[in-house]
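S.K.: Each position in the sequence shown, counted from 1, maps to that position plus 6 in the working numbering. Here's a structure for you.
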Amino acid sequence: MEETIDSITKYKNSGLGLPEILRLASTFIKEECSEDIFQQDSTRILGDNEIDGQTLKDLASWLTYLRNLCQNSMDKKKNELEKLRKELGQQYKIPGLMKTPYYLHSILIHEGGAEGGHYYSFIYDSERGIWRKYSDIQVTEISEDEVMSKSF
7 MEETIDSITK
17 YKNSGLGLPE
27 ILRLASTFIK
37 EECSEDIFQQ
47 DSTRILGDNE
57 IDGQTLKDLA
67 SWLTYLRNLC
77 QNSMDKKKNE
87 LEKLRKELGQ
97 QYKIPGLMKT
107 PYYLHSILIH
117 EGGAEGGHYY
127 SFIYDSERGI
137 WRKYSDIQVT
147 EISEDEVMSK
157 SF
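This is the structure:
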């Protein structure tokens, strides 16, 4: 869900969200095209194409519609995500679960698909305070940050 929100709010690393891009395009059409171009019988050459005023009006309206659709979708996803985060936070506030601390000792990872792939694991050495990656016969020390980034 976060990836969907990011794809809408940070469109292709442009620094602009998709709703903002659509708003700017609609504003450009409305502001940069002179009022006479919006007359139905008027035409304008855009690149190799001829476009009439009604088509420009329709395009500006369509861009505004798409912008609102993207914004509403993004707002809905953000609200769903916030609701899920609150629900998840409540899952662990059961008094019985809060008596004993939880320590992460190991993580098993599968890379690939249902048809095949590779398993490896991360195991915490509590005596030395380090994480290790176990992949087939290869064992390497790995930072906790790397473990978390590769696991989630």
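From the three backbone atoms N, C-alpha and C, an ideal C-beta is built for every residue, glycine too. Bear in mind the structure is a predicted one, so any value in this text is a computation, not a measurement.
What is the C-beta distance between I148 and F128, in whole angstroms, given that I count them as a contact (C-beta under 8 Å)?
M.R.: Counting from 1 along the sequence shown, the entry for residue 148 is found at position 142. Counting from 1 along the sequence shown, the entry for residue 128 is found at position 122. That pair is a contact at about 7 Å.
S.K.: Are three or more beta carbon pairs between the region 22 to 30 and the region 71 to 87 nearer than 8 Å?
M.R.: Yes, the region 22 to 30 is in contact with the region 71 to 87.
S.K.: In or out: V145 buried (at least 16 other Cβ within 10 Å) or exposed?
M.R.: The residue labelled residue 145 in the question sits at position 139 within the sequence shown. It counts as exposed.
S.K.: Between S32, W137, L110, L22, which has its C-alpha nearest T61's C-alpha?
M.R.: In the sequence shown, residue 61 corresponds to position 55, counting from 1. Measuring from the Cα of T61, the nearest candidate turns out to be S32.
S.K.: By DSSP, does Y71 sit in helix, in strand, or in coil?
M.R.: In the sequence shown, counting from the first residue as 1, residue 71 sits at position 65. Three-state DSSP puts Y71 in a helix.
S.K.: Alpha carbon to alpha carbon, what distance is there between Y140 and A120?
M.R.: Along the sequence shown, one-based indexing puts residue 120 at 114. Along the sequence shown, one-based indexing puts residue 140 at 134. Computed Cα separation, rounded: 21 Å.
S.K.: With distances taken between CB atoms, is the gap from Y130 to L110 smaller than 8 Å?
M.R.: Residue numbering aside, residue 130 sits at position 124 when the sequence shown is read from its first letter. Residue numbering aside, residue 110 sits at position 104 when the sequence shown is read from its first letter. Their beta carbons are under 8 Å apart, which means Y130 touches L110 by this criterion.
S.K.: Could you tell me the boundaries of the beta strand (DSSP E) in which G122 lies?
M.R.: Indexing the sequence shown from 1 puts residue 122 at position 116. Looking at the DSSP string, the run of the beta strand (DSSP E) that includes G122 is 122 to 131.
S.K.: DSSP three-state label for S141, please.
M.R.: For the purposes of this step, residue 141 is taken as the residue at position 135 of the sequence shown. Residue state, collapsed to three classes: strand.
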